[in-house]
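Reviewing the structure listed below.
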Amino acid sequence: MEEILRLFPESIEDKLRREIMNWNQLEEIRVRIGKPIELVFTAYSRMIVHLLPDKQDGLFILNQLSEHSIYRFEDELREGYITIEGGHRVGISGKVNTERGYVKAIRHLTFFNIRIARQVKDTSKPYLPLLYQNRYLNTLFIGPPKCGKTTFLRDIIRYMSNGYKHYPAKKVGVIDERSEIAACRNGIPQHDVGLRTDVMDACPKAEGMMMMIRSMSPDVIAVDEIGSEEDVKALMEAVYAGVTVICSVHGQNLDEVRSRPSLQPLFRQNAFQRYVTFSNHPKPGTVISVTDENGQTQNHHVRSKGYEMDWSHVVPAGDNSSRL
């Protein structure tokens, strides 16, 4: 985690090394100027009451994030986050300057949220039989924030891109508006998204999908967190063009998502053949159902690496090997 610790002045870095005993469970480091640094772990959070960063510490963090050239990162700053080496994303908040109702810049940055990026491989592997029937099926992942949708999406992209056993390799186009799927840095993915994957990074989803179809002829389009009417229109254009679409949406369940006016065209046209619903209980990555376009639950058992899994149970993470 040296790429994270280097963001801090030496005095804070040394204290964080002593305070963080379990990096594997760390999800966020939240820095608020004049307030205790907060460590957010999988099951709890903790304030380091004796560690209160000041304005100079905040300036040091900003300089480290921007590599001492803030103007090079104006676009990222305007979006409210910067992706650093390792795929970790640093959210930023402070005084916002607007122009004609749009965010022009964020000044006086005094809040930082360092989100720890981890790639968990093989979470989607047992589900391949349900998401493929002579071809990959249009699939929508549904769940609340921080429930494992993006992790699962990233993993299925990798399998589609590389191919696995009788599942053929496909050209995958990823529209990564918030740099969360591939975590590109200077255009290079920090996460493993497969051998045949092309990424449109930091691009609005609707525009990016059309650009990807025109320029890269993908077999599969993958996007995260759809929601706007423009997103839906672009997704339908991809479906009409014969491109498989794999995407996610925030929501508690399928009924809630189905009731949203902006998403109605997707359901009227039966755009998806599979709906995978996630929960963060008892832990992130829990799949609670897989259904088809008729609402029929897709259930069966599978053996994988020595365990038997029912689709209604938690999906264990794989061995994090780079091999498929």
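Just so we're on the same page, my numbering is the position in the sequence shown counted from 1, plus 456. Even glycine gets a Cβ: it sits at the ideal position worked out from N, Cα and C.
Closest to residue i by C-alpha separation, out of the options, would be which residue?
| i | options | result |
| --- | --- | --- |
| L590 | N750, T700 and L507 | At residue 590 the sequence reads Asn, which differs from the Leu that was named. Among N750, T700 and L507, the Cα nearest to that of N590 is on T700. |
| A639 | R574, V505, K661 and A727 | R574 |
| S735 | L495, E749, H706 and F728 | H706 |
| A499 | E459, Q754, V746 and H737 | H737 |
| E483 | R502, E466, R474 and I489 | R502 |
| N480 | K491, I540, R571 and E685 | R571 |
| K621 | H647, H544 and Y588 | Y588 |
| K739 | E523, G599, I538 and T554 | G599 |
| L691 | L593, Q708 and L722 | L722 |
| S659 | V688, E475, I504 and S635 | According to the sequence shown, residue 659 is Cys rather than Ser. Of the candidates V688, E475, I504 and S635, the one whose C-alpha sits nearest the C-alpha of C659 is S635. |
| P601 | G698, G514 and Q708 | Q708 |
| E535 | E466, V713 and G550 | G550 |
| Q512 | L533, R474, E466 and Q720 | E466 |
Measure the CB-CB distance between residue i and residue j and report whether it falls below 8 Å.
| i | j | result |
| --- | --- | --- |
| V552 | L521 | no |
| R614 | V649 | yes |
| S580 | D531 | no |
| Y696 | L596 | no |
| V628 | P582 | no |
| M665 | I631 | yes |
| E693 | N726 | no |
| L710 | T747 | yes |
| I669 | T566 | no |
| E555 | E459 | no |
| I504 | P492 | yes |
| F464 | I548 | no |
| D654 | G643 | no |
| Y592 | V676 | yes |
Considering just the uninterrupted stretch of the beta strand (DSSP E) at residue i, what are its terminal residues?
| i | result |
| --- | --- |
| F497 | I493 to F497 |
| E484 | L482 to R488 |
| T700 | T700 to H706 |
| I504 | S501 to I504 |
| F734 | R730 to S735 |
Excluding five sequence neighbours on each side, which residues of the same chain lie with their C-beta closer than 6 Å to the C-beta of residue i?
| i | result |
| --- | --- |
| R486 | E494 and N569 |
| I798 | Outside the displayed span of the chain (457 to 780) sits residue 798, for which this structure offers no information. |
| D687 | K661 and A662 |
| K471 | L507 |
| R474 | none |
Cutting at 7 Å between CB atoms, please list the residues of its own chain near residue i, excluding the five before and the five after it.
| i | result |
| --- | --- |
| E469 | L461 |
| L609 | F597, I637, A678, D680, I702 and S704 |
| H769 | Below a pLDDT of 50, predicted positions are generally treated as unreliable, and H769, at 33, falls in that range; the measurement from the model is reported next regardless. Same-chain partners within the cutoff: there are none. |
| R714 | F723 |
| T607 | V576, T579 and G741 |
Does the beta carbon of residue i fall short of 7 Å from some heavy atom of the ligand FAD?
| i | result |
| --- | --- |
| L586 | With respect to the ligand FAD, the structure shown offers nothing to examine, as it has no ligands at all. |
Along the chain, where does the alpha helix (DSSP H) that runs through residue i open and close?
| i | result |
| --- | --- |
| V713 | L710 to R714 |
| S467 | E466 to E475 |
| R724 | Q720 to R724 |
| I744 | Here I744 belongs to no alpha helix (DSSP H); instead the beta strand (DSSP E) covers T742 to D748. |
| I460 | E458 to L461 |
Among the residues of its own chain, which have a CB less than 8 Å from the CB of residue i, if the five just before and after it don't count?
| i | result |
| --- | --- |
| N618 | A625, G650, L651, R652 and L780 |
| N478 | F497 |
| Which whole runs of the beta strand (DSSP E) in the region 586 to 613 are 3 residues long or more, in chain order? | Fully enclosed beta strand (DSSP E) runs of 3 or longer: 595 to 599.
* Asked: Going along the chain, which unbroken runs of the beta strand (DSSP E) with 3 or more residues stay wholly within the region 632 to 697?
  -> Uninterrupted beta strand (DSSP E) stretches at least 3 residues long and entirely within the region 632 to 697 occur at 653 to 657 and 676 to 679, given in chain order.
Report task. Run through the region 507 to 568 for me and flag every whole beta strand (DSSP E) of 3 or more residues, listed as ranges in chain order. Result -> 537 to 539 and 545 to 555
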